[in-house]
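So the structure is just underneath, and the comments pick up after that.
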Amino acid sequence: MRGSGRVPPPMSAPSCPACASPSLQPSFQGPRLDVETCERCGHRVASHRAPRNTADYHAQYDSGGFMDSLRVTRQRQARRIVERLRRHVPQPSRLLDFGAGRAWFLEGCREAGVQELSGADISELSVNLMRDAGIPAMRLPLPEGGQWHLPLQDLPFRPRILTLLDVVEHFPGAHLTDMVRHLVTQLAPELEWVVLKVPVASGLLYRVSRAMAGVASPGLFEQLYQAGTFPPHESYFTHDSMKAFLPRVGLELVDAFGDLDFEADSLADRAHALKRLPRPLVSLAGQGLGAVARGLSLEDAGIFIARVSGNRA
14 MRGSGRVPPP
24 MSAPSCPACA
34 SPSLQPSFQG
44 PRLDVETCER
54 CGHRVASHRA
64 PRNTADYHAQ
74 YDSGGFMDSL
84 RVTRQRQARR
94 IVERLRRHVP
104 QPSRLLDFGA
114 GRAWFLEGCR
124 EAGVQELSGA
134 DISELSVNLM
144 RDAGIPAMRL
154 PLPEGGQWHL
164 PLQDLPFRPR
174 ILTLLDVVEH
184 FPGAHLTDMV
194 RHLVTQLAPE
204 LEWVVLKVPV
214 ASGLLYRVSR
224 AMAGVASPGL
234 FEQLYQAGTF
244 PPHESYFTHD
254 SMKAFLPRVG
264 LELVDAFGDL
274 DFEADSLADR
284 AHALKRLPRP
294 LVSLAGQGLG
304 AVARGLSLED
314 AGIFIARVSG
324 NRA
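Mind the numbering: the sequence shown is residues 14 to 326 in the working numbering, read in order.
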């Protein structure tokens, strides 16, 4: 904990969003956010104080090097996810990417041979990009409490596979379980598989940034929680918290693996808090972090493949 060491006051979440345990404890207090940690499953819950940007989500980030690096990462991850998914679904098809962003994942899936793709996003920019790429897309309404209605009439098929990549960590903790369960329920009975990618607190970059926040600057730690953007990261998962969370939303964990979630040679383009440092030094640090994270299985993203409960098709 930063500063004088005083214990911050209890925060708003009454119980852990992942495992429902009433064992959340304050673990970090900073100028722009506070974090609580579940003593049972390790899940992190953030409370943000930073002013939130109300612009289109996909217009809030820098163009140029940041976006170029992010695109490379997302398309690499698409190849990995499709390869891993084929262990369980030899011919993946009818895939809906919820929160599709700039459609980089969907483009990667198409290149990998996945048949029948579609995307959904609240962003008009995102929907237009998908349609320009020839990918069916639906514009999402804003959620209402714990429900997020899907305008399924805008899709040419009923999805068999749902991908939630870099999505559920943005859901408010109080509504996390209800929102994911509602998405899964709306897609029944055709939905068979759900793939989730979330940030994990066991990652090396998370650990390093947390240590830096405790003794120096919280900038990198705040960036990991996307403080000041909208929507920011409300949660950081652990493998234990995901194992507790999935059964609560009607899913059975089948497979899990880690991913760096950045390209080791372009960390300088992704970590805004490190921009003041010499680029060669940051690139070298990125390569070192990447090598250590892979060697110790301390990747900063967890990818989880789950089957819809009761569906053995």
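Yeah, the Cβ is synthetic: ideal placement off N, Cα and C, and Gly gets one too.
(message) With DSSP as the reference, identify every bridge partner of Y249, one or two as the case may be.
(response) Paired residues: R57.
(message) Quick check on G186: does DSSP put it in helix, strand or coil?
(response) For G186, the three-state secondary structure derived from DSSP is helix.
(request) May I have the straight-line CA-CA distance separating A257 from V211, to the nearest angstrom? (result) Taking the straight line from one Cα to the other gives about 14 Å.
(request) Answer yes or no: does any C-beta atom of chain D fall closer than 8 Å to that of L83? (result) No chain D is present in this structure, which holds just one protein chain.
(request) Identify the continuous beta strand (DSSP E) that holds R320 and give its terminal residues. (result) 314-321 is the extent of the beta strand (DSSP E) around R320.
(message) What does the Cβ neighbour count give for A201, buried or exposed, with the cut at 16 atoms within 10 Å?
(response) With fewer than 16 other Cβ atoms within 10 Å, it is exposed.
(message) Using a 10 Å radius around the Cβ and a threshold of 16 neighbouring Cβ atoms, would you call Q104 buried or exposed?
(response) Taking every protein chain shown into account, the CB of Q104 has fewer than 16 other CB atoms within 10 angstroms, so this residue is exposed.
(request) Drop a sphere of 10 angstroms on the beta-carbon of T198, count the other beta-carbons inside from all chains shown, and report buried for 16 or more, exposed for fewer. (result) Within a 10 Å sphere around the beta-carbon of T198 sit fewer than 16 other beta-carbons, which makes this residue exposed.
(message) I need the straight-line Cα distance from G263 to W206, nearest angstrom please.
(response) In this structure, the CA atom of G263 is about 11 Å from the CA atom of W206.
(request) May I ask you to verify whether the stretch 36-46 touches the stretch 265-274, counting CB pairs closer than 8 Å and requiring at least 3? (result) Flag = no, the stretch 36-46 and the stretch 265-274 do not touch.
(request) Quick one: residues in its chain with C-beta nearer than 6 Å to the C-beta of R57, no 5 flanking neighbours on either side, listed in chain order? (result) The residues are V48, T50, A214, Y249.
(message) If I measure Cβ to Cβ from F317 and keep anything under 8 Å in the same chain, skipping five residues before and after, which residues do I get?
(response) V208, L209, K210, V211, M255, L259, L266, D268, A269, listed in sequence order.
(request) Determine the direct distance from the alpha carbon of A113 to that of S296, and round the result to whole angstroms. (result) Each residue's Cα considered, the two are about 29 Å apart.
(message) So A306 and L175 are supposed to be a Cβ contact under 8 Å. How far apart are they, rounded?
(response) Between L175 and A306 the Cβ distance is about 28 Å, and since that is not below 8 Å, they are no contact.
(request) Would you give the residue range spanned by the beta strand (DSSP E) that L177 belongs to? (result) 174-178 is the extent of the beta strand (DSSP E) around L177.
(request) Could you have a look at V95 and say whether DSSP puts it in helix, strand or coil? (result) Three-state result, V95: helix.
(message) Please tell me whether F118 and A146 are closer than 8 Å, where the distance is taken between their beta carbons.
(response) Not closer than 8 Å, so no.
(request) For P30, count neighbouring Cβ atoms within 10 angstroms of its own Cβ and tell me buried if that reaches 16, exposed if not. (result) Per the 10 Å Cβ criterion, buried.
(request) Out of R115, S136, D191, L165, state which residue places its alpha-carbon closest to the alpha-carbon of G159. (result) Each of R115, S136, D191, L165 was checked against the Cα of G159, and the nearest Cα belongs to D191.
(message) Please classify E312 as buried or exposed, where buried requires at least 16 neighbouring CB atoms within 10 angstroms.
(response) Under this definition E312 is a buried residue.
(message) Would A133 and A150 be called neighbours here (beta carbons separated by less than 8 Å)?
(response) In this structure, A133 places its C-beta atom within 8 Å of the C-beta atom of A150.
(message) Going by DSSP in three states, L273 sits in which element: helix, strand or coil?
(response) Secondary structure of L273 (DSSP, three-state): coil.
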